[in-house]
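Report on the structure given below.
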Amino acid sequence: MHGRAGTVLKSQQHGELMKVVVAGGTGLIRRQVVGMLRSSGRDAVSAAPLTGVGTLTGQGMKQVLKGADVVVDAFNSPSFQAKTSLDFFTRSAQNLIAAAQRAGVRRYVMLSVIGADQLPENGYFRAKSAQEGVLRDSELPYTIVRAARFFEFVAPVMGLSTRGGRVHLPSTQLRPVAAADVAAAVATSVEEEPLYGVRQIAGPETHRLNRLGELTPAARPDDRRVVTDENAGLFAGIPDGVLTGGTTVSTALTCYEDRLKQNSRKSMIRAGAL
Ligand SMILES: NC(=O)c1ccc[n+]([C@@H]2O[C@H](COP(=O)([O-])OP(=O)(O)OC[C@H]3O[C@@H](n4cnc5c(N)ncnc54)[C@H](OP(=O)(O)O)[C@@H]3O)[C@@H](O)[C@H]2O)c1
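Numbering follows this note's numbering, in which position 190 of the sequence shown is assigned residue number 190; successive positions increment by one, without gaps.
Take a look at the structure:
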């Protein structure tokens, strides 16, 4: 049973700067979450191996959490392999949550994935569900932000899916979202009262992964062709609807094709063509 009273943060009581520790804060989401929080006057600190903090080893955790009001948990497993990711997410969440409780943290925001609770046969999603479970079972006031796949993940997935000069992608249904829009949802959850539940965020449009590949020329050097391969990669065989989040999703504004146009314009400006 969670006590909902007492979520006033230490910093709010004493008129001090709210300290937010962003674990995984050197990853894809980090610049935006840390940057957004700092620009709204928060003392936001990154905690990742690159800054001397390990969620698996516990190294540097006590020091970085000293005086923290809020923890954002946005670390990612170095491997998507089922056993490794399950072990990583479970142990990392246990270590970070225990350390946060010892440090008197009053609010915990976890970044998770849409579909985490619906794909027990998929090792990565099972690991994310287990990570969520560690938080739900803790005494910490929490919000889980489940995000759709980031725009920024499309090109790396295409790189990993290239064989014999072709990009093999399944037609899995997605609602891709800009990492910046996810970061904004995370930053909002840092400021708001804990939900003791889930907030979902996805992009404005539903796409299929093979079609996203066709739309992404920067990840197709030499006009590499995309071939539809329903057995390819981590997202193979996921039924329609699972990764789009249903009706309870908040819809972010940025469209994938608009983002591609912006990126292409930026590259042309950098190359001196505009
Ligand atoms: N990518 C997507 O499309 C997507 C979509 C929805 C949700 N998510 C969720 O968003 C979260 C972040 O994903 P991402 O794609 O942004 O990850 P990412 O870019 O791969 O970044 C991973 C971060 O985790 C850190 N990390 C790795 N091992 C760590 C450890 N032992 N202790 C502390 N930090 C550690 C890394 O630190 P170093 O930089 O120091 O190595 C890095 O800062 C994950 O929970 C993921 O499930 C991702």
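In this text, a Cβ means the ideal position worked out from N, Cα and C, and glycines have one as well.
Rounded separation between residue i and residue j - CA only
| i | j | result |
| --- | --- | --- |
| Gln262 | Ser92 | 37 Å |
| Lys19 | Val167 | 44 Å |
| Asp258 | Gly213 | 15 Å |
| Asn210 | Gln173 | 9 Å |
| Asp240 | Gly115 | 11 Å |
| Pro194 | Leu17 | 19 Å |
| Val105 | Thr162 | 44 Å |
| Ser138 | Ala99 | 12 Å |
| Glu152 | Arg38 | 23 Å |
| Arg30 | Val22 | 7 Å |
| Ile97 | Leu135 | 7 Å |
| Leu140 | Gly60 | 21 Å |
| Glu191 | Phe80 | 31 Å |
| Lys128 | Ala74 | 11 Å |
| Val242 | Ala187 | 25 Å |
| Gly133 | Arg102 | 19 Å |
| Val177 | Asp229 | 23 Å |
| Val145 | Ala48 | 20 Å |
| Glu205 | Lys66 | 41 Å |
| Ala284 | Leu160 | Nothing can be reported for residue 284: it is not among the residues displayed for the chain, which extend from 1 to 274. |
| Gln200 | Gly52 | 31 Å |
Burial state of residue i, where buried means 16 or more other Cβ atoms lie within 10 Å
| i | result |
| --- | --- |
| Ile269 | exposed |
| Ala219 | buried |
| Gly6 | The pLDDT assigned to Gly6 is 45, lower than 50, so where the model puts this residue is not dependable, and the model offers no usable value. |
| Gln63 | exposed |
| Tyr196 | exposed |
| Met1 | Unreliable positioning characterises Met1 in this predicted model, as indicated by a pLDDT of 38, which lies under 50. A coordinate reading is not provided. |
| Thr143 | buried |
| Arg107 | buried |
| Leu253 | exposed |
| Arg4 | With a pLDDT of only 44 at Arg4, under 50, the local geometry of the prediction cannot be trusted, and the value read off the model is given with reservation. Exposed, by the Cβ-count rule. |
| Ser112 | buried |
| Gly24 | buried |
| Pro278 | What the structure shows of the chain is the stretch from 1 to 274, and residue 278 is not part of that stretch, so it cannot be assessed. |
| Pro170 | buried |
Local conformation of residue i per DSSP, three classes
| i | result |
| --- | --- |
| Leu169 | strand |
| Tyr108 | strand |
| Asp222 | helix |
| Tyr196 | coil |
| Ser138 | coil |
| Ile97 | helix |
| Ala147 | strand |
| Val186 | helix |
| Ile201 | strand |
| Leu50 | helix |
| Thr84 | helix |
| Ser79 | coil |
| Arg163 | strand |
| Leu212 | helix |
| Lys66 | coil |
| Glu257 | helix |
| Thr90 | helix |
| Leu37 | helix |
| His2 | Residue confidence for His2 is low, a pLDDT of 44 falling below 50, so the modelled location carries little weight and cannot support an answer. |
| Val249 | strand |
| Asp73 | strand |
| Ala103 | coil |
Spatially closest choice to residue i from the options, by CA coordinates
| i | options | result |
| --- | --- | --- |
| Asn76 | Leu37, Val34, Tyr124, Arg31 | Tyr124 |
| Gly58 | Gln94, Lys83, Ile29 | Gln94 |
| Leu234 | Tyr108, Val154, Leu140, Ala187 | Val154 |
| Asn122 | Ala44, Pro156, Ile238 | Ile238 |
| Ala202 | Asp229, Gly245, Tyr142, Arg163 | Gly245 |
| Met158 | Pro120, Gly133, Leu135, Thr216 | Thr216 |
| Thr251 | Val227, Asp181, Arg208 | Asp181 |
| Phe88 | Gly54, Asp229, Ser264, Met36 | Gly54 |
| Pro78 | Leu169, Glu230, Ser112, Gly27 | Gly27 |
| Tyr256 | Ala74, Phe150, Asp69, Val113 | Phe150 |
| Thr248 | Val198, Ala183, Thr206, Ala82 | Val198 |
| Asp69 | Arg175, Val45, Gly52, Arg225 | Val45 |
Short CB-CB distance (under 8 Å) between residue i and chain C
| i | result |
| --- | --- |
| Leu65 | This model lacks chain C altogether, as it is built from one protein chain only. |
For this session: Let me have the residue list for ligand 1: C-beta closer than 5 Å to any non-hydrogen atom, ordered along the chain.
Result: That gives Gly24, Thr26, Gly27, Leu28, Ile29, Ala48, Pro49, Leu50, Gly54, Thr55, Leu56, Ala74, Phe75, Asn76, Leu111, Val113, Ala147, Arg149, Phe150, Phe153.
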